[in-house]
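Step one of this worksheet: look at the structure below.
2 protein chains.
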Amino acid sequence: MANAQGIGSSVGRLEGLDKVTGKAIYVGDMHLPGMLVGKLLRSPLPHARVLSIDTRQAKKLAGVKAVVHADGFQNPLYGPALKDASIFPRGRVRYVGEPVAAVAAVDADVACEALSLIQVEYEPLEPVFDPLLALAPDAPILHPDLSDYETVYRNPIRYGNVPLWTRGTQGDIAEGLARADRVFEHTVTTPTTHAGHIEPHATLVQIISGNRAAIWTTTQQPFIVRSTLAEIFSVGLNDLQVVVPNLGGGFGGKEYLLLEPYCYLLALEAGLPVKMVMTREEEFQGSCPRHATHIELTTGVMNDGRLVARKARLIYDTGAYTGQGPFVTACGLMAVFGPYRIEHREGEALCVYTNKPNSGSYRGYGFPQPTFASETQLDLIAAELGMDPLELRLRNAAQDGDTVITGQRLQSVALQHTLRQAAKHAAWQQKRTDRQPYRGIGIACGIKAAGMGASAAFVKINEDGSATILSGTVDLGTGSTTVLAQIVSQELGIPLEQIDVCTADTRTTPFDVGSIASRVAYGMNAVMRAAQDARHKLVQLAADYWMCDAESIAFDSGHVRQMDNPERVLNLSEIAAISHRAHGGPIIGIGSFVAGEGQSIQLDSVEGFPLPAIPHFVFGAQVAEVEVDPETGHVRVLRLIGAHDVGKALNPLNVRGQIEGGLVMGMSAGLFEEMVFVDGVVINANLVDFKMPTAMDVPELVPVIVEHGHPDGPYGAKGLGEVVVVPTPAAIANAVFDAVGVMVHSLPITAEKLLSLMPPSPPLSPSRRESGKPRAASRG
Amino acid sequence: MANAQGIGSSVGRLEGLDKVTGKAIYVGDMHLPGMLVGKLLRSPLPHARVLSIDTRQAKKLAGVKAVVHADGFQNPLYGPALKDASIFPRGRVRYVGEPVAAVAAVDADVACEALSLIQVEYEPLEPVFDPLLALAPDAPILHPDLSDYETVYRNPIRYGNVPLWTRGTQGDIAEGLARADRVFEHTVTTPTTHAGHIEPHATLVQIISGNRAAIWTTTQQPFIVRSTLAEIFSVGLNDLQVVVPNLGGGFGGKEYLLLEPYCYLLALEAGLPVKMVMTREEEFQGSCPRHATHIELTTGVMNDGRLVARKARLIYDTGAYTGQGPFVTACGLMAVFGPYRIEHREGEALCVYTNKPNSGSYRGYGFPQPTFASETQLDLIAAELGMDPLELRLRNAAQDGDTVITGQRLQSVALQHTLRQAAKHAAWQQKRTDRQPYRGIGIACGIKAAGMGASAAFVKINEDGSATILSGTVDLGTGSTTVLAQIVSQELGIPLEQIDVCTADTRTTPFDVGSIASRVAYGMNAVMRAAQDARHKLVQLAADYWMCDAESIAFDSGHVRQMDNPERVLNLSEIAAISHRAHGGPIIGIGSFVAGEGQSIQLDSVEGFPLPAIPHFVFGAQVAEVEVDPETGHVRVLRLIGAHDVGKALNPLNVRGQIEGGLVMGMSAGLFEEMVFVDGVVINANLVDFKMPTAMDVPELVPVIVEHGHPDGPYGAKGLGEVVVVPTPAAIANAVFDAVGVMVHSLPITAEKLLSLMPPSPPLSPSRRESGKPRAASRG
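If you're matching them up, the sequences are chains A and B in order. Just so we're aligned, residue 1 is where the first sequence starts under this note's numbering, counting upward by one. Just so we're aligned, residue 1 is where the second sequence starts under this note's numbering, counting upward by one.
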């Protein structure tokens, strides 16, 4: 069906006007009568025993309505992979910023004063901040009970400060390295970084009755927040309503729990609604940043550029608790071999405890860090072999039927085409040839696991032929709400202005695992199926009404008609009215989808691996052009080209926007972002000192859409959200290498770092750089 | 499945504790930031041209945020049967209390002051208040454009002040009356009365964006409010979200629109949320009371008590507009022949305009008034024939296959059994024999059309095996929310405390025509089907999971099990978790039901009849015992027995409660309720002067449940809500007749009225009354 608002149309955001005019409501904007302000008392020490907590003075303060800490409730262990965390300390704090108690008071001043009145007696313990030191035999042990913790995955391997150890093997790594013409060894590090979503975490809880509560919160996973809270507090899922209003960015930083359990406890205790909003400092010190990593990479290649062997060791710094660490670490193991065919490979990945905040998910989920390692090493290899980096990648690019380290086979791979598209839009050959001093061009590929989890959707056809979609999907700002409406418009011929999309309310919308893992587009199978179900029912209804076979009825552009009787035509409003009044009843489509349904892949080639089979992998290729200031080491990115195979661009405007945003975010990881810890304290815990790019830093952005349809995606769509940030740091690093011959092996590529690695240049007269091969690599 | 909380169990209300502890939120309790108070300027004249409206002064008043009247918008004609009404006058007002303008201001005082500043210039027109006078050829015509109004029903017959004239004929009335041994003629009148719901009408509107609004309102029909508003304001159904929080009684008084359009207009104009709450005076002067009627009844009987002919003329005073008047009047035509087999019958029913508020629906919907006429006439007939009134009714009681005046056949009739049950619990024979002075016993039957319209429901199985029901049903206070949960508990073996019921939100719950027409229990077919659908899906899911046939799987008490493999058992939480995680996806049941689906009954015996076929009729029999104070005429009701065939008592406690409440409400209509009009003004527009029974007036109540299952009802259930009030006034009148030999032919049976009709009794020494037949009937 041709539909100007349907699939493939670049329609604007349904909620766009409200957002730009300030009408859109976020959790922080909400107010309920009698609402209190909640605040957390956080540990000032990175590692300590908690000997006592005295809240008596705080409770006496006028205006304080609730003070809660570990003594007040059961405080069970919980965790998505390993149950090692608790809402409040069970005798020990493990990072600066760990919540120790919470108060609710009539305003923020009173709440903060109450916090200052809580007396906590600590016995300091020796901390460990560096994951490599945490692996030492004599390191302080953060979790002496590690081996007793419950875990959700089979065959966990854990010891010391290592809550997850996993290894993958394919082929014979020793033989592969021995057979290689050349072997390259590098070590790369990446820092802890924060997603920097402009909206901080915020939660508002209103107790309805007994333990029953309505919870408005900033989460990408309302259903998972619901089930985790239910587990912690031993209540039923039917008792908790988790609602997400507009969300001001997520990027993975709003997966899983944060303020919700405290806010719920305070509201229960106070008997009044409680709202909590994190300060920016708390965001840095108390939310879930991207894992810092240490990655060792040994790669064997033939002289013709063929990759034959790779051995990798990955260390992910999960901080004080695992949270999503085991899953993120496992993703690193899949990422480190890149989207390449390598016969012999072996990798081990360790998730390691340190006395820092619990790292979590941040756009890319374990893939960006090893990709930076792998893709920068590739350019060093290309340089050594005298090959074009594009050519090296094309030669080794994965294709349909190749496997990742888990043994899972790839399908719907168009990486070579995507690489060529990126190169074409970058004028790769011309730019490589036509060189300018201190300018360089770099390329990198990315792979990302995508599409996990289940979704469902309802499509209600109203009595006037308009529609209401009920979907649990959270729109992170990606425009998913608009695309849901486009799908219904596509399937049913209903104009967008006649479609209401109701999302992300665990009570009223059907289950959705969340807006994570680049899964939203893929999960839209659910709403497509729901719309198709409604269409099927409309046709059946018309058949019953006309007393004819459903096969004789056509549905197109919002009409049903009997094919051999031109007088029998009903538009959607007519048939909906007939049905609601007296014939058939309300028309409701329902669709349910679980990614990887029916897949039962044995992940034989991995040990201790905590993830199931991946529904699909997505691929992209990016090119960066940079200019380096030889006097300061400042890298200016001139142009970023992002070519991404989205299968099908459901809304090309959204896709371009998501690629553009991802390129900037990837650049930010490449050049800017780093949380700096001193004794476990984030010393740049604000948006002045934690650098993120401003509009002035944004280069020319060239989104390139590749559409190699996935057989299981709705209309062929694949995931996109995360893979966009995966190759960018490496593309920039490779461009810097191309410009000045220095490969920086630690992120971010700051001016200081680069300058310290660059050979001195004549002051005040920048010399023209020699053309040809980059010079030898240095370590950052 | 045996289930202590399932169907047939007398479990308490899920929301009961919240209601009795004051936690339950009603619209009037709600508050939104920036919320304004809305007020209506109402016409002080019963009939007038509106020459001009000047709102300039009102708009200048500080704190006034919006003033709206007819000039501001299109103000189209609308109406459920006939489009004769508009939100604001289109040049003419037709009753005292008709809204002329509306204001929204920062508080009620400012709003009221603003009303006083609005200048309206009227040109008075001659009013008519009595429907009989309105039928006169020279009566003032309220709607000169009557014949041009659009109507939803075919073949409307209308003229003068009569927007609906309908006639039904069966047999040959002239022949029937001629053949009868005796012919009885009576005229009966009933007054305008108000449902007296304790919660007044209230509406809160918040504009979301553009024309889109969230509307919290006191309605029994959120979906109909939505569609009517959408029609009036030319917006899509997807633009309006109508939500009903707890409702403090409805009884028909909260069907259809009232404050909603004004509140919506004000909120649009002000750009802020607006709340309107009716005063008690406005409730009486500006909502939709029960129609006053004038009923003429001519009945031919044989000496053996057989009813052979009845001719009826019914006049329903609809007030200034039709609203639901045509439908209510049509119901009167069905009611006036009672639940009896009468071969020859003819009735004409007129809906008549007068300059009074628009009458609407009130528990019984046109049936109580003719039932009072018919059932009191039966006792006069019995007295004349020397028959026992019970015997007379048993002899003529309708049975399966008999028809109502429309020609529609009755099914599932157990009236004789119900009569005998009422008589048994009343000790009818003994009380009739063992007489005491000024005490009497009376019996009456009732019939009511029930079950119209469509409903749908979702049952979501959560990941822990708990469930969330989504249903558009409004719980008027009948306990329907609890019964919805019981049905799901019954079908799926889920304990009630693990079931959340989310109701009455047009955005998130599926369509439901409303809690009207005693249809809620019958419409629960939808949730039963949804639960069964979920069960079917659970079984199929287990079959897929175990890779076996669905036929080999049993579902009982919240478990699925493979019948020939005792090790294969999963409880609901296990299978739900499996499904949500990786297999099958979210489990959601869906059910849709439209009453009378597939019925295509030709209503051949009626002309100008505006109703479709009735899904089913329900029956009841009631006995009243009274004592009359011979000096004051005061009637004290000693005991009321209500025997009602509910098909199946889904929750017997609820059913008993509904019968008890109905008996008191029926008694109220019999003895208390009357809105007194003087020149179109309700002079008893408050709960002091408009009498309703207090706890002191309530007699012993004996609910008797009869369960003659209906083949189409869920578990056999039929409607109950309304029929309970239908026979009561006649049972009381007949008891009074039995006590003092006076039949009062106009409601209510006040002490003054009865005293004026009673023969004088010796002062200060009440004489013992002679036993035996009552004396001759008098007219009231």
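Even glycine gets a Cβ: it sits at the ideal position worked out from N, Cα and C. Since the structure is predicted, the reported quantities are computational estimates derived from the model, not experimental observations.
Item, Value
"Exposure label - B:Leu17; buried when at least 16 CB within 10 Å", "exposed"
"Touch test, the stretch 420-440 of chain A against the stretch 487-505 of chain A, Cβ-Cβ under 8 Å, three pairs minimum", "no"
"A:Ala202, enclosing beta strand (DSSP E) - first and last residue", "Ala202 to Ser209"
"Beta carbon proximity, B:Gly493 to chain A, threshold 9 Å", "no"
"A:Asn571 in three-state terms, based on DSSP", "strand"
"Residue burial classification, A:Ala449 (beta-carbon count within 10 angstroms, cutoff 16)", "buried"
"Nearest-angstrom Cα separation, counted from B:Val681 out to B:Ser668", "22 Å"
"Nearest-angstrom Cα separation, counted from B:Thr473 out to B:Gly451", "13 Å"
"Top-ranked residue by Cα proximity to A:Gly790, from A:Thr189, A:Asp84, A:Ser227 and A:Thr169", "Since the first residue of chain A shown is 1 and the last is 780, residue 790 of chain A is not available in this structure."
"Residue from B:Gly249, B:Val244, B:Gly323 and B:Thr750 whose Cα sits closest to the Cα of B:Thr508", "B:Val244"
"Within the stretch 324-355 of chain A, ranges of the alpha helix (DSSP H) (whole runs, at least 4 residues)", "325-335"
"Residues that DSSP places opposite A:Cys445 in a beta bridge", "A:Ala621"
"Neighbour list for A:Pro586 in chain B, Cβ cutoff strictly below 7 Å", "Ala454, Ala456, Pro510, Phe511 and Ser592"
"Classification of B:Glu674 by the beta-carbon crowding that lies within 10 angstroms, buried from 16 upward", "buried"
"Between the CA atoms of A:Leu229 and A:Val698 - distance to the nearest angstrom", "40 Å"
"Sequence-distant residues of its chain with Cβ nearer than 8 Å to A:Phe677 (five each side left out)", "Phe129, Thr192, Lys356 and Ile683"
"Beta-bridge partners of A:Leu258, as assigned by DSSP", "Partner(s): none; A:Leu258 has no beta bridge."
"8 Å contact criterion, which B:Phe372 and B:Val664 should meet: CB distance rounded", "No, B:Phe372 and B:Val664 are not in contact; Cβ-Cβ is about 17 Å, not under 8 Å."
"Local Cβ density within 10 Å of A:Asn654, reported as buried at 16 or more and exposed below that", "buried"
"Sufficient close CB pairs (3 or more, under 8 Å) joining the stretch 454-463 of chain A to the stretch 172-183 of chain A", "no"
"Distance cut-off 8 Å: A:Ala550 Cβ against heavy atoms of the ligand COA", "With respect to the ligand COA, the structure shown offers nothing to examine, as it has no ligands at all."
"Cross-chain neighbours of B:Ser480 in chain A, by beta carbon under 7 Å", "Those do not exist, as B:Ser480 stays about 18 Å from chain A at its closest Cβ, beyond 7 Å."
"Rounded C-alpha distance that separates A:Lys60 from B:Asp54", "58 Å"
"Assigned secondary structure, A:Arg507 (DSSP; H/G/I helix, E/B strand, else coil)", "coil"
"First and last residue of the uninterrupted beta strand (DSSP E) at A:Phe233", "No beta strand (DSSP E) holds A:Phe233; the alpha helix (DSSP H) holding it covers Pro222 to Phe233."
"Closer than 9 Å to chain B by CB, A:Cys502", "yes"
"In DSSP terms, what B:Glu700 is bridged to", "B:Arg639"
"Nearest neighbour of A:Thr354, chosen from A:Glu343, A:Asp317, A:Arg341 and A:Gly323 [CA to CA]", "A:Asp317"
"Chain B contact for A:Arg779 (CB, 9 Å cutoff)", "Summary for A:Arg779: the model assigns pLDDT 42, below 50, so the residue's position carries little reliability, and this model does not support an answer."
"Short CB-CB distance (under 9 Å) between B:Leu17 and chain A", "yes"
"Identified DSSP bridge partners for A:Ile469", "A:Val459 and A:Val501"
"Partner residues on chain B for A:Asp781, Cβ-Cβ distance less than 8 Å", "No information on residue 781 of chain A is available, as it lies outside the stretch 1 to 780 that chain A covers here."
"Uninterrupted beta strand (DSSP E) stretches inside the stretch 104-157 of chain B (no shorter than 3 residues)", "119-124"
"Cα-Cα separation between A:Arg13 and A:Val27, rounded to whole angstroms", "20 Å"
"Three CB pairs or more closer than 8 Å across the stretch 317-335 of chain B and the stretch 607-620 of chain B", "yes"
"Distance between A:Ala526 and B:Gly591 (C-alpha atoms, nearest Å)", "19 Å"
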